[in-house]
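Residue numbers (the UniProt record's numbering): 1 to 443.
Quick look at the structure:
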């Protein structure tokens, strides 16, 4: 059987493609995302023993399309008035070249795999027409051995009944119908969230052009609670300034009185809150816009390329943190580092000084940080654990100040033991006010 595949598409031009994803995505983002769809689809099509054609519109943008899909395929422009007429014409044109079977696919299905096409051609060995359905009642694939205009006539494309109508029309024309596997289509912004969910379970999707681009384009808000940080505020801003054009940065002050506010630079978005780390972080989250929220302590030292580190983890997980390290050669500080990083994998618990980050939707779904005098990060982490949320950890470490630890080996060890005891008391439901008093005494 001499086989052909037609990729039926618009040229990925800003403002002319994936417009239903605007304004959540910019016109440029929509065009770049569509280009990723096309590259992933072409890669799968080239695994099939069939000639690949790209049928495109607008006609005068062929070179732009070639820059995306390459010169190893054949191109011809779309002709006709409505969508159905243009698809019918494309199939007639290719079958007229002497091909025994032709399959036409749309360009909104970056999860298409070669087996969907191979199965479609197998179906055409014993049926006249083959369809590949989408979850919304449409179809991403239609194939046949002989042209049939009846399948495309009078259909309301973009509605939930288009596949049903096409199958009925084929039956009325006396044509046998079969199906290949369903593929999710990417029509609107919400569809991308479904892709991201599937990407967390699929290493293959994380390696695709679409998967990599979706990870790269996720917006991040960095939220830093501050209170009397005169000794660290300059260092913090030095770290964050190179990131100011790449993410949203919010500092939430809890009523500083030591001159911290006078050191805040003009590019920083500053919010004012009542004192309380949980209250401050929650206010920052409520006033942020990022798809990923990153809660950072003022005395933390970020590794190189922290946003890329976060996005890499968030390809696979809904929440995570940085591995932690200390600028100390003390054996027990090294032990604290090992235990803290192992605790993420073993006990599924992370703390605020590790730089917690997570999906915005998950943060609010979990109820935000509980407004406790201490251990708001611990309780939030326990809540995520109860929700069954898996935690990821970055490859690079965040360096955290050891200023909370006293000098000397024995005092450090004593404090570590006390902190572990306080967490045990919290799990045993000892009143938080009592734990807070003991916490202050421990410091």
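The beta-carbon is built from N, C-alpha and C at its ideal position, and this holds for glycine as well.
Residue i, DSSP secondary structure in three states
i: residue 278; result: helix
i: residue 297; result: coil
i: residue 81; result: coil
i: residue 153; result: coil
i: residue 142; result: strand
i: residue 221; result: strand
i: residue 248; result: strand
i: residue 35; result: helix
i: residue 457; result: Because the chain in this structure spans residues 1 to 443, residue 457 falls outside the shown range and cannot be described.
i: residue 135; result: coil
i: residue 284; result: helix
i: residue 240; result: helix
i: residue 319; result: strand
i: residue 442; result: Here residue 442 scores only 42 on pLDDT, less than 50, and its place in the model should not be relied on; the value that follows carries that caveat. Looking at residue 442 - three-state DSSP - the assignment turns out to be helix.
i: residue 425; result: helix
i: residue 210; result: helix
i: residue 430; result: coil
i: residue 393; result: strand
i: residue 54; result: strand
i: residue 264; result: coil
i: residue 24; result: coil
i: residue 13; result: coil
i: residue 352; result: helix
i: residue 232; result: coil
i: residue 88; result: helix
i: residue 111; result: coil
i: residue 372; result: coil
Neighbour-count burial assignment, residue i, 16 or more Cβ in a 10 Å radius
i: residue 126; result: exposed
i: residue 47; result: exposed
i: residue 18; result: buried
i: residue 204; result: exposed
i: residue 420; result: exposed
i: residue 257; result: exposed
i: residue 161; result: exposed
i: residue 447; result: In the structure displayed, the chain extends from 1 to 443; residue 447 sits before or after that span and is not available.
i: residue 11; result: buried
i: residue 169; result: buried
i: residue 445; result: Past the edges of the chain, shown from 1 to 443, lies residue 445, and the structure says nothing about it.
i: residue 364; result: exposed
i: residue 376; result: buried
i: residue 87; result: buried
i: residue 60; result: exposed
i: residue 238; result: exposed
i: residue 218; result: buried
i: residue 130; result: buried
i: residue 366; result: buried
Bridge-paired residues (DSSP) for residue i
i: residue 253; result: 226, 272
i: residue 177; result: 129
i: residue 357; result: 294, 320
i: residue 400; result: 300
i: residue 444; result: This structure cannot settle anything about residue 444, because the visible part of the chain is limited to 1 through 443.
i: residue 325; result: 399
Unbroken alpha helix (DSSP H) run spanning residue i, endpoints
i: residue 313; result: 306–314
i: residue 195; result: 189–201
i: residue 376; result: 376–386
i: residue 365; result: 360–365
i: residue 114; result: 114–123
i: residue 68; result: 62–69
Where the beta strand (DSSP E) containing residue i begins and where it ends
i: residue 8; result: 3–10
i: residue 101; result: 101–105
TODO: Evaluate the contact criterion for the segment 351–371 versus the segment 275–293: three or more CB pairs, one atom per stretch, below 8 Å.
DONE: yes
Open item on the list: Within 8 Å, do at least three Cβ pairs link the segment 107–118 to the segment 175–184?
Closed with: yes
TODO: Taking 8 Å as the threshold, find out whether the segment 225–239 comes into contact with the segment 295–305 through three or more Cβ pairs.
DONE: yes
Task: Inter-stretch contact at 8 Å, needing at least 3 Cβ pairs: the segment 313–328 / the segment 348–357 - done: yes
Open item on the list: When you compare the segment 193–210 with the segment 28–42, are there three or more beta-carbon pairs, one atom per stretch, that lie closer than 8 Å?
Closed with: yes
- [ ] Decide yes or no for the touch test of the segment 240–248 against the segment 51–70: beta carbon pairs closer than 8 Å, at least 3 of them.
- [x] no
Task: Three or more C-beta pairs below 8 Å linking the segment 1–8 and the segment 90–101 - done: yes
TODO: Flag this pair as touching only if the segment 75–92 and the segment 43–57 have three or more C-beta atom pairs under 8 Å; answer yes or no.
DONE: yes
Open item on the list: For the segment 258–266 against the segment 188–198, do three or more pairs of beta-carbon atoms, one drawn from each stretch, fall closer than 8 Å, so that the two count as touching?
Closed with: no
Task: Three-pair Cβ contact test at 8 Å for the segment 383–397 versus the segment 301–312 - done: yes
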